[in-house]
Structure formats: C-alpha cells, structure tokens
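Letter by letter, the sequence shown follows residues 1063 to 1813 of our numbering.
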Amino acid sequence: KTMIVTGDKDMYQLVGDSTVILDYLTGKESGADAVKDKFGVTANQIKDYLALTGDSSDGIPGVQGIGPKTAAKLLNQFKNLEAIYDGITAISSEKLKASIMAGREQAFLSRELATLHFDVPFDLSIDGLKAKEPDIIALSALFKELGFTKLLNELRHSAKHVDSEDKTAIETSVITAQNDADAFFSGLAPRERLAVYFIAGDEPVLGEIDGAVIGLGITKAFYVQIKGSSVGPSFIERLLSSKDIIKDTDNAKAIFAFALKSGFEARGMGIDISIASYLLNPSKPGHNLETLSFELLGSVEDNRPKDLFENINNAKTVDKSIYVNACNINKIAELLKAELEKSGLDKLYYEMELPLAMVLSSMELAGIKINSVALTELSKEMELVLSSTEDAIYLSAGDKFNISSPKQLSELLFQKLKLKPVKKTKTGFSTDEEVLSLLSLSHELPGLILNFRQLAKLKSTYVDAFIELQNPSTGRIHTSFNQTVTATGRLSSSRPNLQNIPVRGAYAERIRGAFVPERGFEFFSADYSQIELRIMAHVSKDQVLTDAFLKNEDIHARTAKEVFGIATGAEVTPEMRRKAKAINFGIIYGMGAYGLAAELDISQKEASDYIDSYFAHYTGVKRFMDATIAEATACGYTTTLFGRRRFVPELKSQTDSIVRFGQRVAINTPIQGTAADIIKVAMINIYRKLKELKTKSKMLLQIHDELLFEVAVDEKDMVTTLVKIEMESVIALAVPISVNTKSGADWNAVE
C-alpha cells in the first residue's frame, strides 16, 4: 500500500487499489470510493475535472462559470473532456453551452497543466528520499536569495539550534559586589577582547541602561545590574573607558550614549556587528543580533528578553538567553572582523562608521526643542478643517461612507458616480493620490478626499506624533538615527522621522516653525550645494560639467542651454530651468525616458530626445555611466570614492526590468553614496572640533545633505566659519565643494 501525504487536488488522479491519499490538512484518508464521494468523479477523471473547475493554488485557470457540481455532472454524463465537446449539442442549457465553447482553449490547456506525467527519469533510491536534518545556514541563505520571506520567518521560529545543553555549557556569573568586579578585571588578559551586550532601559536614546552582559569567548559570561545598583555603574565605566580592553558589541551607539550621559568617554571599541554586517552588504535586510546569530551561527535566541531575572544575586535565575546572546556577539564579531579586513572595508569601519556612531549618540542625546503649545493649537485647527472637509465630502457624495476605506471609495467613485477608472489593483480599481488627482479634473469629490488625506497625514504623522514624542523631562524630541538601514549609505531617522517633514505649504511652515532653539541660541543650517552633481563632474571628468562648476555658473541654466540649444546671450526661462534640473538629477539616478516623461509630464519621445541631447553634450557623463555599469557587471558591486560597496546582483538577472534597476543602482551608488560619505566625515570632524573647543553649540540633525545646529549667539560667527570650512574640505574634488548657510529663530526660518 502506498500513502501519498498531500493537500493537492491533482494528486488524487494517482489513487487506485493500492494507493491512497492522506490529506495533511484534515487528516482524512481517501481511497477510490472516497475520491468519488469527495469530487463526484473517479480518480481517472480528476484531470478532466480540474480542466473544467480549475485550481487557483496551482495556477490552473479552468473554464469560467463552471464549478465543482457542474463539472461532476458533465463528466458523469460525457466521461471526459473530448466527449463533452463532441456532444456539446446534447447540453440543454444555452448559457452553460456558451461557457464551455468560450473556454475550450482554456479547458485543454488546464488539463495539460493538471495531468501528472509518469515518463520523468527517476534514478533515486528510497533511501535517498529519506528526510534529513536541514542545513539551516545554507537554507537561510537560499531563502534570502530567493526572497522567501515567509519561509525564512517560519524557519527562524521553528529552528532549535541552541538546545538547553548549549546554554548551560556557558559558565555564568553575576557581579553584585566590589570584590566580584575586582576579580573580573584581575582575570582579564592584556588587550582582552570581549563582548558587551546592553539591556536597554525605558529611554535608550537618552543613554538609559538597565544592565549589561559581558561575554568572554564562547563559554563564559557575566551579568551586571546597572540601574539601581551600587556596583554596576562604576564597573561598567571602568570597563568602557579602558582603551586596553577591546569591546565588541551589537550597539555601539548605545554604549557611546551611556558614556556621554555618565560623563566619561568610551574607548577601546571594537566591532559593532550590526555596522560591520551593514558595511559588508548594505542591501541585505536585517543586521541585528538575532538575524546575524541565525544566519552566521544557526542560533535562535529571544533578543533582549523582558523578564531578565528574579534575583540578581543568583546567576541561575538570570534568563539564559542573554548569556548566549553575549557569547554569540564574540563569535559573530570574529567572523565579521575577518571579512572586513579581507574586503578592505576595515578602514571605512574604524575611520568613518564607528566614530559616526559616537556623533549620532550625542545628537540623539541633545534632541531638538519643540513648542508643544503651538503644535497643540495647530492640531486643534487641523481637526476643525478635517471636520468641515468631511462634511463637504459627504455632501458631494450624497451619502456618508468610510473615507478611509479604499473599497467603499472605489464603489462610490466608479459605480455610483460612474467616474472612469484610471488603473486597477489586485483588489479593484485604484484610488491612490495619482488617480484622485486625475479624477479631480472631472469631479470635486476626488479633490476633497485628496485634501482630507493629506491633512490627516500631516496631523497624525507629524503634529500629533511630535507632541506625543516630546520627552517630558527635557521638553525635546530625541529622534533615533539609523546607521544600518539604507543601501546607499545615507542615514535615516525614526521615532520620529525628522528627515521627511514637508517644506512647502502653510501647515508645513507652521510645523517647522514649532521647532525652536533654547533661549540665547539660534538655529544654524549648513547645506551642501548640488553636491551630487559636483561628484558626477569629478568622477565622470566631463569637461562641460566641470567647466560650469569652475566658473560658478548656474548648472541647471547651463544644462538648459546645452540640451535645448539656446543661443549664447538668450534668456533661459524658469520653465526651461525646471526641466533642465529634472534632467540633471534624473540622469544621476539613472532615470530613463519613461521616468523623465512622467516627471515632466511630456511624451516619452520628447523625454528620450532630451536625454539623447544631454549625452551628446555631456559625453563624459555617458562614458562614466557605461563604464560603471560594465565594471559593476563584471565584479558584482559598485563603490563610492571612500570605498563603500554595494552589491548589484540585479545586473545578472534574466529579467530586463530587474537589469535596468541594477543599472540605475550601479550609476547612482558612486554618486549618492559618496555624498553620504562626505557628510558623514564632515559630521565627525565638526563634532570633534566643537568638543575640543568645548562649545555650548551642538549639532542636532542631519537631513540628507544638510546639517542643523543649535548655536549659542556668542559663538555664532566662530561656529559658522568652522562648519563651512570643515564641510567644504572633506575631500578634494575636481570642482569646488560649496556650502550654503543660514540662521534663524526657528527651523522654518533656516529653510
């Protein structure tokens, strides 16, 4: 007897006298009689049955309008697909007859898809088919490569890679008294390398830490309570301030923040495994300890458990997973350190990314002050406008409905109001911003909904969120800067995101205006001018682009003259300059004719002509782009001027659209990535100078190519000069680096 364990319908055609199906979903066993009861047809008719009904799970279309009951009835009458079509005149229902005739091609295609073929070469033995324990690390890598996110998560949660014996193999201790601390330090070897694993407190961006685990190698770990302890703070300060003890970690920024808040300098920092992993492959999702433990060690642990201990004086009561996590950091750091050195990325790590973590921790600690009274008043005003807009929407629609429901909105616009659909999604007709903008030309309702959505987003994402995230003890917002997220090397921020606040519009101005300096201080902004175009001039060695910057010309006006053939002395109109600006930046981002046409609202033919004209004049840019794509295709990655790498596997794809995406990445990374590196170096240098001068002025935010400072009025001239010099002298390009500066009484005033 053969038992097939499956939930697939097409497998039922294998059922016979000695073969049964066990449905793993229901646990039911099906022989020949059960197949007849289940489907109304015999096992031999299953492929014809599926040809009619289809099977969406296997991509079998079937015949539209024919369900299981009708299919079974037809096959009991005609036996198979050919007989149905040969005897079509015997079918009395004209509607059914029409469906069958219309779906003839689909029916025979579906049967071919459903038919199991028995002539496949098969040279495996039964022993060779026995289930084996999976290679978790190899399987994880394969799932990531193929984009099987759901399977990857299931693998992580079901894996049992660190059993209880592995955990108890670690020798654990809790440091509770001074003699414990002294014994720990006396037992360290010169230049000892260890792992520091912080247990964050309620406000990690403010340097609050509950405790720490110190991992020595892979077999010994110590827990020390910091919050509320008489021994922990002095122990951890002694550990972190020693340059002779090398500390690997999974969060250098948290260590720097704790040290800054506690009034000492963290020294002897080794490998931050998250930053190191990010440098080695910035496009990879997930660089945290849990992910790296799983990928590199096959280890699955709860990352930073909540219930750490019952009694800190007893090592046996401390959650074992935190000890495993600390020892995992040691193992991972060793692997990644070797990879950094092998890839030549160790210099970038030690000279840029690790020092930057200290700078970011200081910026997070500093925070930025907000006028919560002004924001609260603005929130109330917005609520009133939203309420009146909601009333106008219902009046225009002729009825009340859920404005937030795409389904209800779609039914209203396209069924009740009979507006012409613009594009379709998997679930119906789209009602996104682009669609509503187009529909607003023919009816007032889409425009009202668009206004409602935009205002609701401004209120919830910015105004209300800022009020909620204001720290009650500091009166400031302390955003978290993300160093290991973007594939380009740029920073991002979260809780809240302060890099994406709208600039234009009355509400945007009031939102930015609510960010204010302390009394006796001003905001000071320093913004790189067209840094990406200047980098393009340098790397491409394009004579026209370089000449324009050396002569300090308006680069967009110059491009307009070149691309549009404007005679010398003739005026470049604002519209021409706007188009030229879109072309300049579009080229940097690898934008093709389709993207440029959408950006400028012109035909693809016109956009293609603009691009051809651009390359005819900026021949160096074209050569650089072609050479960069060729090099990235050959070696698999592209680099910035500072050596940062980004892998571009898309260039090897068999799909044209994916290859084109890879080409855009290859072109843009050396430009955008270098711009990101330049501002990072500037931040490090400025931070060190301000610290050396012991200024009251502080760097608060980084927003793309801009830095925002809170400057003491009596230090304004000195800081302005210092910042401009440092930002413009990070690297010597073939063209000058230029920085625009501005100061004001609030954030809106410096925009």
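Don't be surprised by glycine CBs; every beta carbon is placed ideally from N, CA and C.
Put simply, the backbone Cα of F1491 is about 9 Å away from that of P1468. For Y1699, the enclosing beta strand (DSSP E) has its first and last residue at 1699-1701.
Annotation for F1184: no beta strand (DSSP E) segment contains it, and DSSP assigns it neither H nor E. As the crow flies, the alpha-carbon of N1513 is around 56 Å from that of E1195. Taking a contact as a CB-CB distance under 8 Å, the pair I1317 and L1302 counts as one, their CB atoms being some 6 Å apart. In this structure, T1782 sits near F1586, with a CB-CB distance shorter than 8 Å. Around the Cβ of D1110, a 10 Å sphere holds 16 or more other Cβ atoms; the residue is buried.
K1323 is positioned such that its CB atom lies closer than 8 Å to that of L1268.
For E1813, the CB contacts under 7 Å within the same chain, skipping 5 residues up- and downstream, are V1565, R1574 in chain order. For R1515, the secondary structure class from DSSP, reduced to helix, strand or coil, is helix. One Cα belongs to L1191, the other to D1120, and the distance between them is close to 24 Å. Counting along the chain, N1802 sits inside no alpha helix (DSSP H); it lies in the beta strand (DSSP E) bounded by residues 1801-1806. Beta-bridge partners assigned by DSSP to L1358: none are found. With a cutoff of 8 Å on beta-carbon distance, A1274 and V1258 are scored as near each other.
Beta-carbon to beta-carbon, F1577 and I1765 are separated by about 12 Å, too far to satisfy the 8 Å threshold.
By the Cβ rule, the region 1443-1455 does not count as touching the region 1326-1343, because fewer than three pairs are nearer than 8 Å. DSSP lists no beta-bridge partner residue for G1121.
DSSP places N1544 in the uninterrupted beta strand (DSSP E) bounded by 1542-1544. A contact between stretches requires three or more CB pairs, one per stretch, nearer than 8 Å, and the region 1734-1741 meets this requirement with the region 1545-1563. For E1668 and R1639, the gap between their C-alpha atoms comes out near 16 Å. According to DSSP, Y1285 shares a beta bridge with V1236, V1275. The continuous alpha helix (DSSP H) containing G1657 extends over residues 1655-1662.
Excluding its 5 nearest sequence neighbours in each direction, Q1592 has C-beta neighbours in its own chain below 7 Å: I1617, listed in chain order. Runs of beta strand (DSSP E) with 3 or more residues, each lying fully within the region 1580-1616, are found at 1583-1590, listed in chain order.
For R1566, there is no enclosing beta strand (DSSP E), since its DSSP letter is neither H nor E. Relative to P1579, the option among L1407, D1264, T1353, L1763 whose CA is nearest is L1763. For K1478, the secondary structure class from DSSP, reduced to helix, strand or coil, is helix. If the five residues before and after V1683 are omitted, its C-beta is found closer than 6 Å to the C-beta atoms of S1602, D1604, all from its own chain and listed in chain order. For the pair L1416 and D1408, the CB atoms are not nearer than the 8 Å cut-off. Judged by DSSP in its simplified three-state form, T1621 adopts helix. Linking E1571 to D1242 through their CA atoms gives a straight-line distance of about 57 Å. With a beta-carbon spacing of about 4 Å, S1458 and L1507 fall inside the 8 Å limit used to define contacts. Per DSSP, the beta bridge partners of F1771 are F1586, M1761. Judged by DSSP in its simplified three-state form, L1448 adopts helix. Assigned with DSSP and collapsed to three states, R1750 falls in helix. Check the Cα spacing between R1253 and each of A1599, D1306, S1291, Y1651: the tightest is with D1306.
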